[in-house]
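Contents: one structure, followed by commentary.
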Amino acid sequence: MCNTLFCRSGLTCSVNTGFAPKRSFRALQALLTTLGDRRFVGVLREDDDAWVYLLGDANGTPTHLVAWRPVAGDDTTTRTITVPFNDLPGTAWTLAGLSATGEPATPPVAVNGQWTIQVSAAPLVVQIVPFNAVTPTPTLNPLTPTPTPSNTPTA
Numbered sequence: 013m014c015n016t017l018f019c020r021s022g023l024t025c026s027v028n029t030g031f032a033p034k035r036s037f038r039a040l041q042a043l044l045t046t047l048g049d050r051r052f053v054g055v056l057r058e059d060d061d062a063w064v065y066l067l068g069d070a071n072g073t074p075t076h077l078v079a080w081r082p083v084a085g086d087d088t089t090t091r092t093i094t095v096p097f098n099d100l101p102g103t104a105w106t107l108a109g110l111s112a113t114g115e116p117a118t119p120p121v122a123v124n125g126q127w128t129i130q131v132s133a134a135p136l137v138v139q140i141v142p143f144n145a146v147t148p149t150p151t152l153n154p155l156t157p158t159p160t161p162s163n164t165p166t167a
């Protein structure tokens, strides 16, 4: 039997509790479930208030933003931060270790290329919706004449 500090990973409790999964285990499980195939793309912010990273696909296209406060896990304080980002926030969830898939969360607010994000010790994962996917460039059907004053019907 192991009786030292290094008998377990910190993801499970001790042998005395049957190595029951801790919240950290479920948070890691949620991370792998939600972002397991994503790759590190870049840093948007790293300071005393927040760490904000971009994760993306194999081509390096950002697909998710992950943000949290670099504090102890039992710290319950939050901060409101802003980060410059032109795409739009989609579905959001936190990885607080309460479930294996994360917990639904309120997405950040995006205004004029700035995201306002509420961050805590629990990582917030936000799906990125490319700006051009939401507001496609309008195209005219070449078979339909463009309305002009001379060919526009009147009521």
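In the numbering used here, each residue's number is its place in the sequence shown (first place is 1) plus 12. All residues carry an ideal CB built from backbone N, CA and C; glycine is no exception. These numbers come from a predicted model, not from an experiment.
Looking only at its own chain, which residues have a Cβ that is under 7 Å from the Cβ of Glu115, when we skip the five neighbours before and after it?
Trp105, Thr106 and Ala108
Taking 8 Å as the threshold (C-beta atoms), are Ala133 and Thr45 in contact?
No.
At the level of alpha carbons, what is the spacing between Leu56 and Thr94?
10 Å
Using the Cβ count rule (16 or more neighbours within 10 Å means buried), how would you classify Val78?
buried
Using CA atoms only, rank isn't needed, just tell me which of Asn144, Trp127, Pro142 and Val141 is closest to Val64.
Trp127
I'd like the list of long-range same chain contacts for Phe143, defined as Cβ closer than 8 Å, with 5 residues on each side in sequence excluded.
Listed in chain order, the non-local C-beta contacts of Phe143 below 8 Å within the same chain comprise Asn98, Asp99 and Leu100, local neighbours out to five positions each way being set aside.
Identify which residue in Asn28, Val131, Pro74 and Val137 has its Cα closest to the Cα of Thr103.
Looking at the Cα atoms, Val137 is the closest of the given residues.
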